[in-house]
Structure formats: structure tokens, C-alpha cells
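Everything below concerns the one structure shown next.
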């Protein structure tokens, strides 16, 4: 067969994949990997074709959609098997028809287009997560009462960033292997394009790492804010406890009914005791207030 064949399948059943393998002469182990999802991203070489398993992430209906794409790459065909609910590879088909810069619509160019699209789809996801982080950061810095809700949202965001990192980083190894070990796919005119995919993936990783650090810092700031609020509450309780302790001690002494208390026979003893107790409480209140304990 001299003509190039581009195939795209979305979540096919095992019978369809088996039929595809029979038509293209695909290896049984590669077909087994393509049938099952949750594959480790990898590049494996078989006789007559290459199998590439990648993870994908794209912004779909304002949320991150994770998926997988398995690629069978032969001398005159590229078969992409998608396991996601995203928009697909329509852009690949359109660019294959345009063929810019005189590049022929063959296997190397088609593979580049698929990998380039996978990496390009990471960027909108990163931008959406940055907006999401800025919104949570604004809530933290607004002085609003902190609660568990923001902490849970920050944790969910850090988990999503981890999943995005796991989807993106293997692409760097895959592109390097294509450049170094598969010159039939990363041809001379396309080698710079494959290096561009690698550079984009590295920049995505750097953005993910920066956002993960910022998210961790925000979580620590939130926990520190909760701790400060808790300490302030404890201080206020301790301050009011000290104010109540002074009259409690004094009045408890007079409630013990000792026989020999000289001021019991003094007519001004009761008001004098109340006055001295009030002055002691007032002085203690001013001191605690100055220190911010109440």
C-alpha cells in the first residue's frame, strides 16, 4: 500500500480492535494494551510498527477531562484509539489535508500532529487552573472567615495538578526516544518540530511545578491562619478567665465563714471590698486589653 491511512477510533470494543489488528498486522501484545485503559505512558517497538501509549488532558465544558490515546504507527498508517470524551483529533485531519511547507501527509507528519495536539491541550487546562488558584487566593487574602471549604478546594486542585503532571511528563521521554532512536519517524525536516513538542512539554511541567508550589504555600498559609485564629480565641478565653478569677478568689475567701476576720465588724468593709475588687479587675482589664488578650 502506497497511500497513507489515518484512522481515529473512540473507545472501540475488543472486536473492533482485533479487526484493526488483523487488517494492519499489529502485534498481539500491543492490541492487548490498546484494549485496556490505565496504561503506563510508553513507546514500544514491534516488528513493522510502533505502539505509543499517552495520557491526555483537555479543558472540556469548563473542567479537566483526563483520557488516554493509544497510537499504532506503521510505515504508511497512524491509528489513534481514544479513551476519553473530548473533542477528538479533527484538527489533525484538517492539517494533514493542508500540508504546510511542502511536508507530505505521511506517517511522520501525522504522528507529529497528534503529539503536538496532545501537548497543546495542556495549556488551556493550566490557564484554567491558574484562574482557579487566583480565585481561591483572593478568598484567602480577603480576610473572610477561614473554613475547611477552601482547604478542601486547594487539596483538590493539588490532586488535579498531580494528575496533569503525570499526564504531561512522559511525553518528554517519548519525544526524546523518537528523536534519538526512530529517525524514520522524526525525519530531518520534522526533527525541529519534535524538539518543539519536547520544549512545550517542559514549559508545561515548569508551570505545573510553580502552581503546585503556590498551592502548597496557600494551604500552609490557610493552616497558619486557622492556627492564629485559634490562638487568638484561646487568648481571649484566658483573658476573660483571669478577669473572673480575681473576684472569684476574693469572694470565695469570704464565703468560708472564718470567725476571726477583723473587717467583719467594720461598717464600710463590704463597699470597700467591692471597690477594691472592682479596681483590681479594672486594672487587669486595661493590661490585658493593651496586650490584645481581650
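In our numbering, the protein residues as written are 5 to 298.
All C-beta atoms in this analysis are idealised placements derived from N, C-alpha and C, irrespective of residue type, glycine included.
Determine the closest residue to residue i out of the options, with distance taken between C-alpha atoms.
{"i": "residue 65", "options": "249, 173, 90 and 200", "result": "90"}
{"i": "residue 137", "options": "22, 218, 47 and 48", "result": "218"}
{"i": "residue 252", "options": "237, 222 and 284", "result": "284"}
{"i": "residue 127", "options": "199, 206, 198 and 292", "result": "206"}
{"i": "residue 43", "options": "54, 58 and 52", "result": "58"}
{"i": "residue 79", "options": "50, 86, 101 and 237", "result": "50"}
{"i": "residue 146", "options": "229, 176 and 281", "result": "229"}
{"i": "residue 36", "options": "75, 9, 8 and 10", "result": "75"}
{"i": "residue 208", "options": "134, 166 and 130", "result": "130"}
{"i": "residue 250", "options": "277, 233, 18 and 177", "result": "277"}
{"i": "residue 47", "options": "248, 179 and 202", "result": "179"}
{"i": "residue 292", "options": "255, 242 and 85", "result": "242"}
{"i": "residue 141", "options": "173, 108, 215 and 68", "result": "215"}
{"i": "residue 52", "options": "210, 82, 71 and 67", "result": "82"}
{"i": "residue 54", "options": "20, 111 and 165", "result": "111"}
{"i": "residue 18", "options": "77, 87, 56 and 220", "result": "87"}
{"i": "residue 69", "options": "20, 164 and 193", "result": "164"}
{"i": "residue 40", "options": "62, 67, 71 and 63", "result": "71"}
{"i": "residue 240", "options": "294, 281, 220 and 272", "result": "294"}
{"i": "residue 210", "options": "232, 173, 191 and 9", "result": "173"}
{"i": "residue 133", "options": "31, 281, 11 and 67", "result": "67"}
{"i": "residue 282", "options": "272, 248, 256 and 270", "result": "248"}
Can you find a heavy atom of the ligand NAP that lies under 6 Å from the Cβ of residue i?
{"i": "residue 245", "result": "As presented, the structure is devoid of all ligands, the ligand NAP included, so that no description of it is given."}
According to DSSP, simplified to helix, strand and coil, what is residue i?
{"i": "residue 197", "result": "helix"}
{"i": "residue 284", "result": "helix"}
{"i": "residue 24", "result": "helix"}
{"i": "residue 186", "result": "coil"}
{"i": "residue 53", "result": "strand"}
{"i": "residue 110", "result": "coil"}
{"i": "residue 244", "result": "helix"}
{"i": "residue 296", "result": "coil"}
{"i": "residue 43", "result": "coil"}
{"i": "residue 93", "result": "coil"}
{"i": "residue 14", "result": "strand"}
{"i": "residue 48", "result": "strand"}
{"i": "residue 59", "result": "strand"}
How would you write the range of the alpha helix (DSSP H) that residue i sits in, first residue to last?
{"i": "residue 30", "result": "Taken as a continuous stretch (DSSP letters only), residue 30 belongs to no alpha helix (DSSP H), as it is neither H nor E."}
{"i": "residue 131", "result": "126-145"}
Tell me the rounded alpha-carbon separation between residue i and residue j.
{"i": "residue 169", "j": "residue 222", "result": "19 Å"}
{"i": "residue 60", "j": "residue 200", "result": "18 Å"}
{"i": "residue 177", "j": "residue 15", "result": "25 Å"}
{"i": "residue 204", "j": "residue 124", "result": "8 Å"}
{"i": "residue 115", "j": "residue 143", "result": "44 Å"}
{"i": "residue 175", "j": "residue 29", "result": "26 Å"}
{"i": "residue 234", "j": "residue 162", "result": "25 Å"}
{"i": "residue 34", "j": "residue 119", "result": "19 Å"}
{"i": "residue 121", "j": "residue 297", "result": "59 Å"}
{"i": "residue 289", "j": "residue 245", "result": "11 Å"}
{"i": "residue 224", "j": "residue 212", "result": "18 Å"}
{"i": "residue 196", "j": "residue 153", "result": "46 Å"}
{"i": "residue 220", "j": "residue 227", "result": "11 Å"}
{"i": "residue 254", "j": "residue 139", "result": "54 Å"}
{"i": "residue 194", "j": "residue 188", "result": "10 Å"}
Could you give the residue range of the beta strand (DSSP E) that holds residue i?
{"i": "residue 69", "result": "67-78"}
{"i": "residue 192", "result": "Where residue 192 is concerned, there is no enclosing beta strand (DSSP E), given that its DSSP letter is neither H nor E."}
{"i": "residue 7", "result": "Element bounds for residue 7: n/a, residue is neither H nor E."}
task: For the segment 94-101 and the segment 19-29, state whether three or more C-beta atom pairs, one from each stretch, are separated by less than 8 Å.
output: no
message: Quick check: the segment 157-169 against the segment 182-193, are at least 3 beta-carbon pairs closer than 8 Å?
response: no
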